[in-house]
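What follows is a single structure, written as C-alpha coordinates, with notes after it.
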(Lines of atoms letter the chains of each structure in order from A and count residues from 1; the text may use other names and numbers.)
(Lines give C-alpha, C1' and ligand atoms only; values in the text may rest on other atoms or scores of the structure.)
Protein backbone atom coordinates (compact mmCIF):
# COMPACT_ATOMS: atom_id res chain seq x y z
CA UNK A 1 0.00 0.00 0.00
CA UNK A 2 3.05 2.26 -0.18
CA UNK A 3 3.41 2.60 3.59
CA UNK A 4 6.44 0.32 3.77
CA UNK A 5 4.85 -1.87 6.43
CA UNK A 6 5.04 -5.58 5.71
CA UNK A 7 3.34 -8.37 7.67
CA UNK A 8 5.10 -11.67 8.21
CA UNK A 9 4.34 -15.12 9.58
CA UNK A 10 6.30 -16.43 12.53
CA UNK A 11 6.34 -19.25 15.02
CA UNK A 12 5.04 -17.71 18.28
CA UNK A 13 7.35 -17.72 21.24
CA UNK A 14 6.77 -20.33 23.91
CA UNK A 15 4.06 -20.15 26.55
CA UNK A 16 2.75 -16.62 26.86
CA UNK A 17 2.45 -16.07 23.10
CA UNK A 18 0.43 -19.21 22.43
CA UNK A 19 -3.28 -18.57 21.77
CA UNK A 20 -4.23 -21.26 24.28
CA UNK A 21 -2.70 -19.07 26.97
CA UNK A 22 -4.74 -15.97 26.24
CA UNK A 23 -4.14 -13.99 23.07
CA UNK A 24 -3.50 -14.01 19.35
CA UNK A 25 -1.19 -11.48 17.74
CA UNK A 26 0.39 -10.21 14.54
CA UNK A 27 3.55 -8.29 13.69
CA UNK A 28 4.65 -5.99 10.87
CA UNK A 29 8.09 -4.60 10.02
CA UNK A 30 9.19 -1.46 8.18
CA UNK A 31 12.67 -0.35 7.15
CA UNK A 32 13.71 3.29 6.56
CA UNK A 33 13.17 5.08 3.24
CA UNK A 34 16.71 4.43 1.96
CA UNK A 35 16.12 0.67 2.20
CA UNK A 36 13.03 1.06 0.01
CA UNK A 37 14.70 3.10 -2.71
CA UNK A 38 16.96 2.48 -5.68
CA UNK A 39 20.38 4.11 -5.79
CA UNK A 40 18.88 7.16 -7.54
CA UNK A 41 16.34 7.69 -4.73
CA UNK A 42 13.35 6.37 -6.66
CA UNK A 43 10.97 4.05 -4.73
CA UNK A 44 11.70 0.42 -5.57
CA UNK A 45 9.75 -2.60 -4.34
CA UNK A 46 12.43 -4.90 -5.77
CA UNK A 47 15.15 -3.20 -3.71
CA UNK A 48 12.98 -3.33 -0.60
CA UNK A 49 12.39 -7.07 -1.06
CA UNK A 50 16.13 -7.66 -1.32
CA UNK A 51 16.95 -5.60 1.75
CA UNK A 52 14.28 -7.36 3.79
CA UNK A 53 15.66 -10.73 2.67
CA UNK A 54 19.18 -9.70 3.70
CA UNK A 55 17.94 -8.51 7.09
CA UNK A 56 15.96 -11.72 7.58
CA UNK A 57 19.04 -13.85 6.96
CA UNK A 58 21.12 -11.63 9.26
CA UNK A 59 18.59 -11.92 12.08
CA UNK A 60 17.15 -15.43 11.70
CA UNK A 61 20.07 -17.29 10.12
CA UNK A 62 22.57 -19.39 12.03
CA UNK A 63 25.33 -17.01 13.19
CA UNK A 64 27.82 -19.89 13.09
CA UNK A 65 27.19 -20.57 9.39
CA UNK A 66 29.29 -17.65 8.19
CA UNK A 67 29.77 -17.54 4.44
CA UNK A 68 28.23 -21.01 4.17
CA UNK A 69 24.80 -19.64 5.07
CA UNK A 70 22.12 -20.45 2.51
CA UNK A 71 18.83 -18.72 3.27
CA UNK A 72 15.61 -19.19 1.25
CA UNK A 73 13.96 -16.03 -0.05
CA UNK A 74 11.00 -14.93 -2.10
CA UNK A 75 11.82 -14.40 -5.77
CA UNK A 76 14.29 -11.52 -5.88
CA UNK A 77 15.26 -9.34 -8.86
CA UNK A 78 19.05 -9.31 -8.82
CA UNK A 79 19.13 -7.01 -11.82
CA UNK A 80 17.56 -4.22 -9.76
CA UNK A 81 20.52 -4.20 -7.37
CA UNK A 82 23.24 -5.44 -9.70
CA UNK A 83 24.24 -8.06 -7.12
CA UNK A 84 24.52 -11.83 -7.57
CA UNK A 85 22.63 -12.78 -4.40
CA UNK A 86 22.44 -16.54 -4.94
CA UNK A 87 26.04 -16.93 -6.10
CA UNK A 88 25.23 -18.63 -9.40
CA UNK A 89 27.35 -16.23 -11.42
CA UNK A 90 24.42 -14.56 -13.18
CA UNK A 91 21.95 -11.78 -12.52
CA UNK A 92 18.36 -13.02 -12.75
CA UNK A 93 14.89 -11.82 -11.81
CA UNK A 94 13.97 -14.92 -9.82
CA UNK A 95 16.69 -15.68 -7.27
CA UNK A 96 15.23 -17.65 -4.34
CA UNK A 97 18.35 -18.22 -2.22
CA UNK A 98 20.71 -15.87 -0.44
CA UNK A 99 24.26 -17.25 -0.49
CA UNK A 100 26.04 -15.82 2.53
CA UNK A 101 25.50 -12.25 3.65
CA UNK A 102 26.54 -9.28 1.52
CA UNK A 103 28.79 -6.68 3.10
CA UNK A 104 26.11 -4.01 2.80
CA UNK A 105 22.46 -3.54 1.95
CA UNK A 106 21.55 -2.49 -1.60
CA UNK A 107 20.02 0.42 -3.47
CA UNK A 108 19.68 3.61 -1.46
CA UNK A 109 21.02 1.75 1.59
CA UNK A 110 24.18 0.54 -0.15
CA UNK A 111 26.27 2.48 2.36
CA UNK A 112 24.74 0.67 5.34
CA UNK A 113 26.74 -2.36 6.54
CA UNK A 114 25.01 -5.68 7.19
CA UNK A 115 25.55 -6.89 10.78
CA UNK A 116 24.55 -10.32 12.02
CA UNK A 117 21.92 -10.14 14.73
CA UNK A 118 21.57 -6.35 14.53
CA UNK A 119 18.80 -4.25 12.98
CA UNK A 120 19.72 -1.09 11.09
CA UNK A 121 18.89 2.25 12.62
CA UNK A 122 15.35 3.29 11.77
CA UNK A 123 13.86 -0.24 11.65
CA UNK A 124 10.31 -0.34 13.06
CA UNK A 125 7.90 -2.97 14.37
CA UNK A 126 4.16 -2.78 14.95
CA UNK A 127 2.71 -5.56 17.11
CA UNK A 128 -0.97 -5.96 17.89
CA UNK A 129 -2.24 -8.25 20.66
CA UNK A 130 -5.76 -9.49 19.95
CA UNK A 131 -8.73 -11.24 21.45
CA UNK A 132 -9.30 -14.80 20.26
CA UNK A 133 -11.79 -15.59 17.51
CA UNK A 134 -12.47 -19.35 17.72
CA UNK A 135 -14.31 -19.19 14.38
CA UNK A 136 -11.38 -17.63 12.47
CA UNK A 137 -8.77 -20.00 11.00
CA UNK A 138 -6.01 -17.73 12.34
CA UNK A 139 -7.78 -17.25 15.72
CA UNK A 140 -7.05 -13.51 15.36
CA UNK A 141 -10.05 -11.35 16.28
CA UNK A 142 -10.50 -7.78 14.98
CA UNK A 143 -10.65 -6.45 18.56
CA UNK A 144 -7.30 -5.42 20.00
CA UNK A 145 -6.07 -5.66 23.56
CA UNK A 146 -2.83 -3.81 22.90
CA UNK A 147 -0.89 -2.10 20.13
CA UNK A 148 2.87 -2.00 20.57
CA UNK A 149 5.34 0.07 18.53
CA UNK A 150 9.13 -0.14 18.52
CA UNK A 151 11.75 1.80 16.58
CA UNK A 152 15.52 1.40 16.47
CA UNK A 153 16.42 5.05 17.00
CA UNK A 154 20.15 4.39 17.39
CA UNK A 155 22.28 1.55 16.11
CA UNK A 156 25.01 0.85 18.64
CA UNK A 157 28.46 -0.40 17.73
CA UNK A 158 29.79 -3.56 19.37
CA UNK A 159 31.62 -1.67 22.10
CA UNK A 160 28.49 0.27 23.09
CA UNK A 161 26.47 -2.96 23.23
CA UNK A 162 29.02 -4.58 25.53
CA UNK A 163 28.95 -1.50 27.75
CA UNK A 164 25.14 -1.61 27.91
CA UNK A 165 25.22 -5.24 29.06
CA UNK A 166 27.92 -4.47 31.62
CA UNK A 167 25.91 -1.55 33.02
CA UNK A 168 22.83 -3.74 33.28
CA UNK A 169 24.80 -6.37 35.18
CA UNK A 170 26.32 -3.76 37.51
CA UNK A 171 22.91 -2.24 38.23
CA UNK A 172 21.57 -5.65 39.16
CA UNK A 173 24.53 -6.37 41.44
CA UNK A 174 24.04 -2.99 43.13
CA UNK A 175 20.30 -3.50 43.55
CA UNK A 176 19.39 -0.55 41.32
CA UNK A 177 16.28 -0.65 39.14
CA UNK A 178 16.60 0.24 35.44
CA UNK A 179 15.88 3.84 34.46
CA UNK A 180 14.65 4.65 30.95
CA UNK A 181 14.65 7.99 29.20
CA UNK A 182 11.58 9.29 27.42
CA UNK A 183 7.92 9.36 28.40
CA UNK A 184 4.68 7.63 27.41
CA UNK A 185 3.98 10.47 24.97
CA UNK A 186 7.01 9.59 22.83
CA UNK A 187 7.91 6.15 24.18
CA UNK A 188 10.59 4.90 26.53
CA UNK A 189 14.10 4.19 25.29
CA UNK A 190 16.30 1.33 26.41
CA UNK A 191 20.07 1.12 26.54
CA UNK A 192 20.25 -0.72 23.21
CA UNK A 193 18.82 2.04 21.02
CA UNK A 194 15.17 0.91 20.89
CA UNK A 195 12.30 3.28 21.64
CA UNK A 196 9.03 1.58 22.59
CA UNK A 197 5.51 2.90 22.96
CA UNK A 198 2.36 0.98 23.85
CA UNK A 199 -1.40 1.42 23.78
CA UNK A 200 -3.77 -0.74 25.81
CA UNK A 201 -7.52 -1.30 26.03
CA UNK A 202 -9.45 1.08 28.25
CA UNK A 203 -12.63 0.28 30.16
CA UNK A 204 -14.79 1.07 27.11
CA UNK A 205 -12.80 -1.14 24.73
CA UNK A 206 -10.83 1.65 23.07
CA UNK A 207 -7.04 1.82 22.97
CA UNK A 208 -5.42 4.37 25.26
CA UNK A 209 -1.81 5.36 25.81
CA UNK A 210 -0.14 3.27 28.49
CA UNK A 211 1.01 4.92 31.68
CA UNK A 212 4.70 5.12 32.53
CA UNK A 213 4.38 2.14 34.86
CA UNK A 214 2.55 0.12 32.22
CA UNK A 215 5.31 0.90 29.72
CA UNK A 216 7.82 -0.70 32.07
CA UNK A 217 6.11 -4.02 31.34
CA UNK A 218 7.26 -3.65 27.73
CA UNK A 219 10.75 -2.50 28.65
CA UNK A 220 11.42 -5.57 30.78
CA UNK A 221 10.94 -8.02 27.92
CA UNK A 222 12.73 -5.86 25.35
CA UNK A 223 15.73 -4.88 27.47
CA UNK A 224 16.78 -7.55 29.93
CA UNK A 225 15.89 -10.97 28.46
CA UNK A 226 18.94 -12.76 27.13
CA UNK A 227 17.17 -14.99 24.60
CA UNK A 228 16.16 -12.12 22.28
CA UNK A 229 17.92 -11.15 19.05
CA UNK A 230 18.72 -7.43 19.31
CA UNK A 231 16.00 -7.15 21.98
CA UNK A 232 13.26 -8.46 19.66
CA UNK A 233 11.34 -11.73 19.33
CA UNK A 234 9.22 -12.32 16.22
CA UNK A 235 11.40 -11.63 13.16
CA UNK A 236 14.07 -14.12 14.22
CA UNK A 237 11.27 -16.74 14.15
CA UNK A 238 9.84 -15.79 10.75
CA UNK A 239 8.99 -18.61 8.38
CA UNK A 240 11.89 -18.49 5.90
CA UNK A 241 11.39 -17.16 2.41
CA UNK A 242 8.22 -16.42 0.47
CA UNK A 243 5.85 -18.39 2.72
CA UNK A 244 6.78 -16.11 5.59
CA UNK A 245 5.71 -12.92 3.83
CA UNK A 246 2.01 -12.98 4.63
CA UNK A 247 -0.36 -12.14 7.44
CA UNK A 248 0.13 -14.27 10.55
CA UNK A 249 -1.29 -17.78 10.18
CA UNK A 250 -0.09 -20.97 11.89
CA UNK A 251 -1.53 -23.32 9.25
CA UNK A 252 1.14 -25.73 8.09
CA UNK A 253 3.76 -24.52 10.58
CA UNK A 254 5.50 -27.50 12.21
CA UNK A 255 7.01 -27.59 15.67
CA UNK A 256 10.61 -27.23 14.50
CA UNK A 257 13.50 -27.32 17.00
CA UNK A 258 15.37 -24.35 18.31
CA UNK A 259 18.73 -23.82 16.61
CA UNK A 260 21.21 -26.28 18.09
CA UNK A 261 18.51 -28.61 19.43
CA UNK A 262 17.55 -32.02 18.11
CA UNK A 263 14.05 -32.28 19.59
CA UNK A 264 11.05 -30.09 18.62
CA UNK A 265 10.80 -26.83 20.54
CA UNK A 266 7.39 -27.31 22.16
CA UNK A 267 8.27 -30.85 23.17
CA UNK A 268 11.37 -29.56 24.97
CA UNK A 269 9.27 -26.87 26.65
CA UNK A 270 6.63 -29.35 27.80
CA UNK A 271 9.35 -31.68 29.10
CA UNK A 272 11.20 -29.02 31.07
CA UNK A 273 8.24 -26.99 32.32
CA UNK A 274 6.02 -29.98 33.03
CA UNK A 275 3.13 -28.02 31.54
CA UNK A 276 2.13 -25.72 28.68
CA UNK A 277 2.41 -22.32 30.37
CA UNK A 278 4.58 -20.47 32.86
CA UNK A 279 2.23 -21.06 35.80
CA UNK A 280 1.48 -24.70 34.94
CA UNK A 281 -2.20 -23.80 35.15
CA UNK A 282 -3.49 -24.45 31.62
CA UNK A 283 -5.68 -27.39 32.57
CA UNK A 284 -6.73 -28.02 28.97
CA UNK A 285 -3.15 -28.60 27.83
CA UNK A 286 -2.42 -30.67 30.93
CA UNK A 287 -5.37 -32.92 30.18
CA UNK A 288 -4.48 -33.24 26.51
CA UNK A 289 -0.74 -33.84 26.73
CA UNK A 290 -0.11 -34.91 30.34
CA UNK A 291 -2.53 -37.79 30.98
CA UNK A 292 -2.12 -39.06 34.54
CA UNK A 293 0.55 -36.40 35.04
CA UNK A 294 2.94 -37.89 32.46
CA UNK A 295 3.90 -36.20 29.20
CA UNK A 296 2.60 -38.07 26.16
CA UNK A 297 5.53 -37.41 23.80
CA UNK A 298 3.99 -39.33 20.93
CA UNK A 299 0.97 -37.02 20.95
CA UNK A 300 3.13 -33.89 21.03
CA UNK A 301 5.27 -35.20 18.17
CA UNK A 302 2.23 -35.23 15.90
CA UNK A 303 2.91 -31.49 15.37
CA UNK A 304 6.63 -32.00 14.64
CA UNK A 305 8.08 -32.12 11.09
CA UNK A 306 6.83 -35.30 9.47
CA UNK A 307 3.82 -35.53 11.80
CA UNK A 308 0.20 -35.62 10.67
CA UNK A 309 -0.66 -32.27 12.33
CA UNK A 310 0.93 -28.86 12.81
CA UNK A 311 1.59 -26.33 15.56
CA UNK A 312 -2.09 -25.45 15.82
CA UNK A 313 -2.70 -28.78 17.50
CA UNK A 314 -0.47 -27.75 20.39
CA UNK A 315 -1.42 -24.11 20.85
CA UNK A 316 -5.10 -23.75 19.85
CA UNK A 317 -7.63 -23.56 22.70
CA UNK A 318 -11.04 -25.17 22.57
CA UNK A 319 -13.90 -22.84 21.70
CA UNK A 320 -15.04 -22.83 25.34
CA UNK A 321 -11.58 -21.94 26.63
CA UNK A 322 -11.08 -19.22 23.99
CA UNK A 323 -14.33 -17.50 24.96
CA UNK A 324 -13.54 -17.85 28.67
CA UNK A 325 -10.13 -16.23 28.11
CA UNK A 326 -11.81 -13.40 26.19
CA UNK A 327 -14.24 -12.80 29.07
CA UNK A 328 -11.37 -12.75 31.57
CA UNK A 329 -9.53 -10.19 29.45
CA UNK A 330 -12.62 -7.99 29.22
CA UNK A 331 -13.04 -8.08 33.01
CA UNK A 332 -9.44 -6.96 33.45
CA UNK A 333 -9.93 -4.15 30.94
CA UNK A 334 -13.05 -2.92 32.74
CA UNK A 335 -11.19 -2.85 36.04
CA UNK A 336 -8.05 -1.31 34.47
CA UNK A 337 -5.78 -3.15 36.92
CA UNK A 338 -2.94 -3.93 34.54
CA UNK A 339 -0.39 -3.26 37.27
CA UNK A 340 -1.36 -6.72 38.59
CA UNK A 341 -0.69 -8.34 35.21
CA UNK A 342 -2.31 -8.36 31.81
CA UNK A 343 -2.48 -12.02 30.80
CA UNK A 344 -5.99 -13.44 31.30
CA UNK A 345 -6.28 -16.17 33.91
CA UNK A 346 -9.33 -18.35 34.47
CA UNK A 347 -8.61 -19.20 38.12
CA UNK A 348 -6.04 -18.29 40.76
CA UNK A 349 -2.65 -19.80 39.90
CA UNK A 350 -1.85 -22.76 42.12
CA UNK A 351 1.77 -23.37 41.20
CA UNK A 352 3.30 -20.08 42.31
CA UNK A 353 5.30 -19.04 45.34
CA UNK A 354 3.22 -17.28 47.96
CA UNK A 355 6.39 -15.89 49.57
CA UNK A 356 9.69 -15.17 47.85
CA UNK A 357 12.89 -15.66 49.81
CA UNK A 358 16.44 -15.17 48.58
CA UNK A 359 18.46 -18.31 48.22
CA UNK A 360 18.48 -21.46 46.14
CA UNK A 361 15.31 -22.54 44.38
CA UNK A 362 16.54 -26.11 44.36
CA UNK A 363 16.44 -26.29 40.56
CA UNK A 364 20.21 -26.21 40.12
CA UNK A 365 20.64 -29.05 42.59
CA UNK A 366 18.11 -31.07 40.58
CA UNK A 367 19.83 -30.35 37.28
CA UNK A 368 16.85 -28.34 36.05
CA UNK A 369 18.48 -25.07 35.04
CA UNK A 370 19.08 -24.73 31.30
CA UNK A 371 21.35 -22.37 29.38
CA UNK A 372 20.77 -23.72 25.88
CA UNK A 373 17.60 -21.82 24.97
CA UNK A 374 17.69 -20.10 21.58
CA UNK A 375 15.22 -17.78 19.86
CA UNK A 376 16.29 -18.79 16.36
CA UNK A 377 14.82 -21.93 14.83
CA UNK A 378 16.13 -24.81 12.76
CA UNK A 379 13.96 -25.00 9.64
CA UNK A 380 16.21 -27.43 7.77
CA UNK A 381 14.36 -30.18 5.98
CA UNK A 382 10.97 -28.45 6.30
CA UNK A 383 8.97 -27.81 3.15
CA UNK A 384 7.25 -24.44 3.53
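Residue numbers (my numbering): -14 to 369. Don't be surprised by glycine CBs; every beta carbon is placed ideally from N, CA and C. The structure displayed is predicted, hence computed values, not measured ones.
In the three-state DSSP reduction, residue -10 falls in the coil class, being neither helix nor strand. DSSP, reduced to helix, strand and coil, places residue 280 outside both helices and strands of the structure shown, so it counts as coil. In the DSSP assignment, no residue is bridged to residue 233. Boundaries for residue 364: no alpha helix (DSSP H) harbours it, and the DSSP string shows neither H nor E there. When DSSP states are grouped into helix, strand and coil, residue 255 belongs to the helix group. According to the DSSP secondary-structure assignment, residue 243 is paired through a beta bridge with 362. Bridge partners of residue 167 according to DSSP: 173. Secondary structure of residue 134 (DSSP, three-state): strand. At a cut-off of 3 residues, the continuous stretches assigned as beta strand (DSSP E) that sit fully inside the stretch 39 to 73 are 55 to 61. Within the same chain, and ignoring the five residues on either side of residue 43 in sequence, the residues whose Cβ sits closer than 8 Å to its Cβ are 86, 99, 100, 101, 102, 103. In the three-state DSSP reduction, residue 198 falls in the helix class (H, G or I).
A straight line joining the alpha-carbon of residue -3 with that of residue 243 spans about 12 Å.
Beyond the five residues adjoining it in sequence on each side, residue 336 comes within less than 7 Å, by CB distance, of 264, 265, 266 in the same chain, given in chain order.
Residue range 109 to 117 is occupied by the beta strand (DSSP E) that includes residue 116, with no alpha helix (DSSP H) assigned at that position. Within the DSSP bridge table, the entry for residue 223 names -5 as partners. CA-to-CA, the gap between residue 97 and residue 105 works out to about 8 Å. Partner residues in the beta bridge of residue 98, as assigned by DSSP, are 89. The three-state secondary structure of residue 330, taken from DSSP, is coil. Here the alpha carbons of residue 64 and residue 90 stand approximately 15 Å from one another. With a 10 Å radius around the Cβ and a threshold of 16 neighbouring Cβ atoms, residue 175 comes out buried. Under the Cβ criterion (8 Å, minimum of three pairs), the stretch 177 to 190 counts as touching the stretch 140 to 147. Minimum Cα-Cα distance from residue 167 among the listed residues 182, 79, 160 corresponds to 182.
When only Cα atoms are considered, residue 232 and residue 113 end up about 12 Å apart. Secondary structure of residue 149 (DSSP, three-state): helix. Here residue 207 is buried. Its C-beta has 16 or more other C-beta atoms within 10 Å. Inclusion of residue 258 and residue 240 in the CB contact set at 9 Å is not warranted, their separation being larger than that value. Rounded to whole angstroms, the separation of the alpha carbons of residue 17 and residue 107 is 5 Å. According to the DSSP assignment, residue 268 belongs to the alpha helix (DSSP H) that extends over 268 to 274. The residue among 366, 52, 5, 324 with its C-alpha nearest the C-alpha of residue 224 is 366. In the three-state DSSP reduction, residue 217 falls in the strand class (E or B).
The distance from the Cβ of residue 360 to that of residue 212 is about 5 Å, consistent with a contact at the 8 Å cut-off.
Nearest Cα to residue 35 within the set 95, 13, 331, 249: 95. Counting every other CB atom within 10 Å of its CB across the protein chains shown gives residue 254 a total of 16 or more, marking it as buried.
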